[in-house]
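Peer 1: Input: one structure, supplied below.
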Amino acid sequence: MNKQSILVVDDEKNIRLTMMQALETLSFNITTAVNGEEALQILKERPVDLVFLDLKLPGMNGMEVLQQIKSNWPNTRTIIITAHATVEHAVEAMKYGAVDFIQKPFSIKEIRELATSVINRQVTNESNTVDYPSLISITRQKINEHNFIEANETIKAAIAANPNDPEAYNLLGALLEIKGDWLTAQKFYRAALDLDPTYKPATINLERTTSWNRNGQVNLGTENYAITTSENGTDKDKK
Numbered sequence: 042m043n044k045q046s047i048l049v050v051d052d053e054k055n056i057r058l059t060m061m062q063a064l065e066t067l068s069f070n071i072t073t074a075v076n077g078e079e080a081l082q083i084l085k086e087r088p089v090d091l092v093f094l095d096l097k098l099p100g101m102n103g104m105e106v107l108q109q110i111k112s113n114w115p116n117t118r119t120i121i122i123t124a125h126a127t128v129e130h131a132v133e134a135m136k137y138g139a140v141d142f143i144q145k146p147f148s149i150k151e152i153r154e155l156a157t158s159v160i161n162r163q164v165t166n167e168s169n170t171v172d173y174p175s176l177i178s179i180t181r182q183k184i185n186e187h188n189f190i191e192a193n194e195t196i197k198a199a200i201a202a203n204p205n206d207p208e209a210y211n212l213l214g215a216l217l218e219i220k221g222d223w224l225t226a227q228k229f230y231r232a233a234l235d236l237d238p239t240y241k242p243a244t245i246n247l248e249r250t251t252s253w254n255r256n257g258q259v260n261l262g263t264e265n266y267a268i269t270t271s272e273n274g275t276d277k278d279k280k
């Protein structure tokens, strides 16, 4: 099997060096770019399997670069690099085809795990084509089994398959909430409602997580898959 090729696009030299050192140990071919224009030139010259793309770039911004990638190199996967304060932009980027995102500051371990996960997700999707409804169903099943790692993989594959349906964003928000990341979960609930303001599961989850008492059932769109959470994460199933 050929080595997978990864392009890191970030204007911060220390980020580029850190990511190169992290990913080269996994035997990926790594290239870096300091801005969007340089990144697009690299993509014209050679095939790239995965792009780590900072949203805040000088000149052409990350969202513009992402749209160019999806238009011209649709098989190239893109992971968004973002600061916590701009997670909303990462959520928006997923609607435009980004397959995942990572928040600064991040560890070498997180970078390695995410790159490997997305590459493996791509190989799995190519060998086992699964449609969007099936991915949604599998995600609910994995959550019900408390298999949150696999649920995270299948829901992101679902978003890649159909970035315009609110159900997937609500389920990703639910997974983040179960993990204890309330603020990011709320952003995905809002993303679901941006797509469909009448989508009730996201409305219920957003209202609960923004209230003074966050405990309650995470609405997964199917009542018997709801999970009761506490401030410390998953508590117990409640069907």
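Basically this note's numbering = 1-based index in the sequence shown + 41.
Even glycine gets a Cβ: it sits at the ideal position worked out from N, Cα and C.
Bear in mind that the values here come from a model prediction, so they are computed numbers and not experimental data.
1) Could you tell me whether the Cβ atoms of L58 and I83 are closer together than 9 Å?
2) Which term fits L224, buried or exposed, when burial requires 16 or more other beta carbons within 10 angstroms of its beta carbon?
3) Which whole-angstrom value describes the C-beta separation of L234 and A243, a residue pair presumed to lie in contact below a C-beta threshold of 8 Å?
4) Are the CB atoms of E79 and I71 within a distance shorter than 9 Å?
5) Would you say L26 and R181 are within 9 Å of each other, going by their C-beta atoms?
6) For N76, does the three-state DSSP call read helix, strand or coil?
7) Distance check for N211 and I177, CA to CA, integer angstroms please.
8) In whole angstroms, what is the alpha-carbon distance linking I184 and A192?
9) If contacts are defined as beta-carbon pairs under 8 Å, then V132 and K228 qualify, I think. What distance do you get, rounded to the angstrom?
10) Between the Cα of D51 and the Cα atoms of K111, M60 and K44, which residue gives the shortest distance?
11) Which class does E53 belong to by DSSP, given the choice of helix, strand or coil?
12) Name the residue from P204, P99 and N116 whose alpha carbon lies nearest to the alpha carbon of V92.
13) Which of helix, strand or coil does DSSP assign to I47?
14) Just to check my reading of the structure: V75 and L94 have Cβ atoms closer than 8 Å, yes? What is that Cβ distance to the nearest angstrom?
15) Just how far apart, CA to CA, sit E53 and K145?
16) My understanding is that E194 touches V259, with C-beta atoms under 8 Å, so please give their C-beta distance in whole angstroms.
17) Straight-line CA distance for M101 to F142?
18) Compare the C-alpha of D222 against each of D206, V89, T251 and P204 and name the closest.
19) Quick check on D235: does DSSP put it in helix, strand or coil?
20) With DSSP as the reference, please indicate the residues paired to Q144 in a beta bridge.
21) For A63, which residues in the same chain have their Cβ closer than 7 Å to its Cβ, ignoring the five residues on either side in sequence?
22) Within this structure, are the beta carbons of N203 and Y240 separated by less than 9 Å?
23) Excluding the 5 residues flanking G214 on each side, which residues of the same chain have their C-beta closer than 6 Å to its C-beta?
24) Just grab the DSSP bridge partners of L94 for me.
Peer 2: So, from the listed chains and residues:
1) no
2) exposed
3) 5 Å
4) no
5) Because the chain in this structure spans residues 42 to 280, residue 26 falls outside the shown range and cannot be described.
6) coil
7) 11 Å
8) 6 Å
9) 5 Å
10) M60
11) coil
12) N116
13) strand
14) Not really, about 12 Å apart at Cβ, beyond 8 Å.
15) 12 Å
16) Wrong, their Cβ atoms sit about 19 Å apart, outside the cutoff.
17) 19 Å
18) T251
19) helix
20) T123
21) I149, I152 and R153
22) no
23) A226, F229 and Y230
24) V50 and I121
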